[in-house]
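Below: one structure, written as structure tokens.
Residue numbers (my numbering), protein chains in the order written: chain A, 427 to 758; chain B, 11 to 186.
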């Protein structure tokens, strides 16, 4: 080196940045659009934790069948491979045309609410941000039903009042937010590529695109270890602890409890945490119901509960409110 | 910026200061493509946490940018892997007199920058390209001035070592 290293370095970086940064003056704006789109996709993936197959509801209708029984003290002598295989088999044997998936969701350190997207292709291309008309809508619990391609999501206040109702099916997404007196209908046609990620070992276990598929994938990827037995609603469940997923400072942990008789999932718990922030824990309690008269009557009653008053203010049909969970443990 | 959930303020900022920010990202990342990825990652962070911006959006975006770079935002080491064969060839060729040697030397140094650990690289870019003081650099990277001083010293020393021509005869001797 004949010259001062600092000077040569400065000149070298100048050459690099002036020749490359100035070639496309619109590049920074393009990057902002990309960043928005990427954030939206990421939020969409997290929302899928709740949505549990809203966009693929048909695949999420699950049947209650049971595999052969075992001892309730199931963990003795069982390896994670055995439990995971049995659970995978139990999920695979669910008949998607003959059962009702009933799911109670609760959250600690957060609340249920909405993010908002637009479903026109033109808007997706422009990546325009979407004001969220439902930003003030919050619920403390949610009950989901899934049966034959119809997916219902009902959010409730701590006092048990219905805060919102969303139904997704072949006519699109219908919904109402009761305190805000807002209703919407999005036909879910001609919309943008929402960036829904393919199901891989990296994103398995969080409910996308359905709990059946997501848990099956996570089990096949060997993402769980045995965590002992734990009593849940009188069942001596087998607890499976998922490997943490760490993404951009956020740690997401999934825990799964399976019924030792049927090996079907009874509960999942997703913990979102970030350093120096409160943790948000989202819990799903599953019931896999046979379509008996009584169960179908309950489902019908739930549908009736989510009535959408025409007096409510209607959002544009391009608006797509997405129920989700928010809390200090979640980024984005 | 607290109200700027939709990033309108960022749009204005990028319209005015985008080239400078992209330049910094390229300097930190070592190539146009990686620089764009780095700046996009920083924008994503800012869009996700708009409430953390208090007035100075550019300052906040730059701080995020530098810290992502210092944290080795990808931690893949691809730069190093790609550059090693090139560097080896360049180091050997450096013994040959060449009229374009000085230009090559500058470019080689910039590429060698990629061999440094991410934090040293960020410190070098801030100190010797952006001409920031030790105190400013420390504030931007959230570390002490002492850390900046030692990272800059080590980084430069490393660059000097990397840029010292290796005698091919010596290599042969060592290898034999």
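Even glycine gets a Cβ: it sits at the ideal position worked out from N, Cα and C.
Since this is a predicted model, take the numbers as computed values, not measurements.
The beta-carbon of residue 50/B is placed less than 8 Å from the nearest beta-carbon of chain A.
The C-beta distance from residue 725/A to residue 638/A rounds to 18 Å, too long to meet the 8 Å contact threshold.
Looking at the backbone, the Cα of residue 563/A and that of residue 735/A are separated by about 17 Å.
When rounded, the separation of the alpha-carbon atoms in residue 565/A and residue 750/A is 10 Å.
With a cut-off of 8 Å on Cβ pairs, the segment 681 to 689 of chain A is not in contact with the segment 533 to 540 of chain A, counting fewer than three such pairs. Collapsing the DSSP output to three states places residue 608/A in a strand. Restricting attention to 532/A, 584/A, 558/A, 598/A, the CA atom closest to the CA of residue 570/A is found in 532/A.
With contacts defined by Cβ atoms closer than 8 Å, residue 649/A and residue 630/A form a contacting pair.
By the CB criterion at 8 Å, residue 595/A and residue 581/A fall outside the cutoff. About 20 Å separates the beta carbon of residue 645/A from that of residue 525/A, a gap too long to meet the 8 Å contact definition.
For a Cβ distance threshold of 9 Å, residue set 119, 138, 166, 169, 170, 173 of chain B lies close to residue 431/A, ordered along the chain.
In the structure shown, the three-state DSSP call for residue 722/A is helix.
Against chain A, a Cβ distance below 8 Å from residue 20/B picks out 458. The closest CA to that of residue 577/A, considering only 583/A, 659/A, 600/A, is found on 600/A.
Here residue 45/B really is in contact with residue 39/B; their C-beta atoms are around 4 Å apart, less than 8 Å. Listed along chain A, no residue sits closer than 8 Å to residue 152/B by beta-carbon distance, the nearest being about 13 Å off. For residue 453/A, the nearest CB of chain B lies under 8 Å from its own CB, placing it at the interface with that chain. In the DSSP assignment, residue 69/B falls within the alpha helix (DSSP H) that extends over 67 to 80.
In the DSSP assignment, residue 653/A falls within the beta strand (DSSP E) that extends over 650 to 658. Neighbours of residue 25/B in chain A, taken as residues at a C-beta separation under 9 Å, are given in chain order as 454, 455. Our two residues, residue 132/B and residue 744/A, have alpha carbons roughly 44 Å apart in a direct line. Straight across, the Cα-Cα distance linking residue 458/A with residue 579/A is about 33 Å. With respect to chain B, the C-beta atom of residue 438/A has a partner C-beta closer than 8 Å.
Under the three-state reduction of DSSP output, residue 702/A falls in the coil class, being neither helix nor strand. At a cut-off of 8 Å between C-beta atoms, residue 441/A counts as an interface residue with respect to chain B. Apart from sequence neighbours up to five positions away, the residues of its chain that approach residue 27/B with a beta-carbon distance below 8 Å are 68, ordered along the chain.
The DSSP-derived three-state label of residue 142/B is coil. For residue 435/A, the closest alpha carbon among the candidates 157/B, 155/B, 141/B, 151/B is that of 141/B. No Cβ of chain B is located within less than 8 Å of the beta carbon of residue 746/A. Only buried fits residue 115/B, as 16 or more other CB atoms lie within 10 angstroms of its CB. Judged by beta-carbon spacing, residue 693/A lies within the 8 Å limit of residue 709/A, meaning their Cβ atoms are closer than that value. In the three-state reduction of the DSSP assignment, residue 574/A falls in the coil class.
Membership of residue 747/A in the beta strand (DSSP E) is indicated by the continuous run 745 to 752. Across the structure, residue 718/A and residue 77/B are spaced so that their CA atoms are roughly 58 Å apart.
Rounded to the nearest angstrom, the gap between the Cα atoms of residue 517/A and residue 665/A is 16 Å.
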